[in-house]
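Chains as they are written, first to last, in our numbering: chain A, 541 to 673; chain B, 541 to 673. Yeah, the Cβ is synthetic: ideal placement off N, Cα and C, and Gly gets one too. Being a predicted model, the structure only gives us computed values, none of them experimental.
Number of protein chains: 2
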Amino acid sequence: METDCVGPRKLGDLQLKIMKVLWARGRATVSEVQQDLDGAKALAYTTVATMLRKMESRGLVRHLSEGRTFIYEAAYEESSVSKNMADDLVERLFEGRLSSLVSHFLSTRDVSEEELDRLEKLVRKSKRSKGKQ
Amino acid sequence: METDCVGPRKLGDLQLKIMKVLWARGRATVSEVQQDLDGAKALAYTTVATMLRKMESRGLVRHLSEGRTFIYEAAYEESSVSKNMADDLVERLFEGRLSSLVSHFLSTRDVSEEELDRLEKLVRKSKRSKGKQ
DNA sequence: CATAATCTACTACTTTGGTAATACTACCTA
DNA sequence: TAGGTAGTATTACCAAAGTAGTAGATTATG
Chain A
541 METDCVGPRK LGDLQLKIMK VLWARGRATV SEVQQDLDGA KALAYTTVAT MLRKMESRGL
601 VRHLSEGRTF IYEAAYEESS VSKNMADDLV ERLFEGRLSS LVSHFLSTRD VSEEELDRLE
661 KLVRKSKRSK GKQ
Chain B
541 METDCVGPRK LGDLQLKIMK VLWARGRATV SEVQQDLDGA KALAYTTVAT MLRKMESRGL
601 VRHLSEGRTF IYEAAYEESS VSKNMADDLV ERLFEGRLSS LVSHFLSTRD VSEEELDRLE
661 KLVRKSKRSK GKQ
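Below you can see the structure in the form of structure tokens.
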């Protein structure tokens, strides 16, 4: 599991959903992706196939053949993509300040108490591990 | 300054930069935007003008004429756009869980101690105000 | 007045994402 | 073996973002 940095900073809606399916399943055929994908409006089989091919040419996924069937898998880890996309946004929007993002969230959304607890714990833990470093 | 909710959930790079210029200046002509915009590679005047026209047709900005010159201004507040974009990402990436986002950041980036302090204060404050509600 | 500078309007082109129909091929089954 | 089924390949469209040239009008200036 290499550090395999880099990776995409932006993914379209469909592309991200497809990646999620692949991350969840490890590897999947076109029809498996298609099935896992549908929520309400099912996409045509060929739509999914085409998207996968485009994504492959962009290096987001790769495939191996099993008989005449393609088995796709993600070319990047989920954490790496999430990181990049989140970084990108915080960069573009808040000049890289995580606290600006959070403050924004806290002031514009109704964050539940459990969420707040989780957050507090996270920050504390992070501070601790930072302190003794 | 109405609550003017809604607003765009996604903005391209250039569009966001233009919005930032408008937010910073309040209102601006095409050439003002063009000037404020440049960082390294300057864009053609017409590029900026075209983009502004496209953005206007999408409702992101509006203009008023002063003589034959257009004065543009943002049609949405910065906070509202930031919120939408951030919400969109957290939705797409972390199923809406702010803590997942933060945890992600804390574990993948080197967040400074000051940032951590800021964060802790933010969360505490938010918890307090929530408690007595 | 003539000409240069400044504006908007229009047109155009390239990518990328999304969506899908068609076509062709291989395989399975009655 | 004939026909449906399941796969990939090819082709096509549309919309949005980004970039910019050209045209035409207006204003300022020498």
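CA nearest to the CA of residue i, picked from the options
i, options, result
"K550/B", "M625/B, E635/B, V573/B", "M625/B"
"G566/B", "L583/B, R602/B, R593/B", "R602/B"
"R677/B", "L646/A, L662/A, K670/A", "What the structure shows of chain B is the stretch from 541 to 673, and residue 677/B is not part of that stretch, so it cannot be assessed."
"S571/A", "V630/A, F634/A, Y612/A", "Y612/A"
"M677/A", "E635/A, R664/A, G552/A, L662/A", "Shown here, chain A extends from 541 to 673; a query on residue 677/A therefore has no answer."
"P548/A", "A584/A, R637/A, L600/A", "L600/A"
"S597/A", "D576/A, A614/A, W563/A", "A614/A"
"R632/B", "L629/A, A584/A, L633/A", "L629/A"
"R593/A", "A582/A, V663/A, T569/A, V546/A", "T569/A"
"S666/A", "R649/B, V546/B, L577/B, V573/B", "R649/B"
"V546/A", "Q574/A, K623/A, V573/A", "K623/A"
For residue i, the residue or residues it bridges with in DSSP
i, result
"A568/B", "Y612/B"
ask   = Do the segment 588–600 of chain B and the segment 651–661 of chain B meet, that is, are 3 or more Cβ pairs less than 8 Å apart?
value = no
key: the segment 554–561 of chain B / the segment 637–657 of chain A touching (three or more Cβ pairs under 8 Å)   = no
inquiry  = As an exercise, report each continuous beta strand (DSSP E) stretch of at least 3 residues that is fully enclosed by the segment 594–653 of chain B, in chain order.
reply    = 601–606, 609–614
ask   = Residues in the segment 580–601 of chain B with C-beta within 7 Å of chain A's C-beta atoms, listed in sequence order?
value = none
ask   = What residues from the segment 556–568 of chain B come within 9 Å of chain A, judged by C-beta to C-beta, listed N to C?
value = L556, K557
At least 3 beta-carbon pairs within less than 8 Å: the segment 610–627 of chain A vs the segment 599–610 of chain B = no
Residues within the segment 648–659 of chain B neighbouring chain A, beta-carbon criterion of under 7 Å = T648, V651, E653, E655, L656, R658, L659
request  = Assess, as a yes-or-no matter, whether the segment 637–645 of chain B is touched by the segment 628–642 of chain A under the definition of 3 or more beta carbon pairs within less than 8 Å.
outcome  = yes
request  = Can you give me, in chain order, the residues of the segment 629–645 of chain B that have a beta carbon less than 8 Å from any beta carbon in chain A?
outcome  = L629, V630, R632, L633, F634, R637, L638, S639, L641, V642, S643, H644, F645
query = Which residues, in chain order, does the segment 618–629 of chain B contribute to contact with chain A at a C-beta distance below 8 Å?
reply = S619, S622, K623, M625, A626, D627, L629
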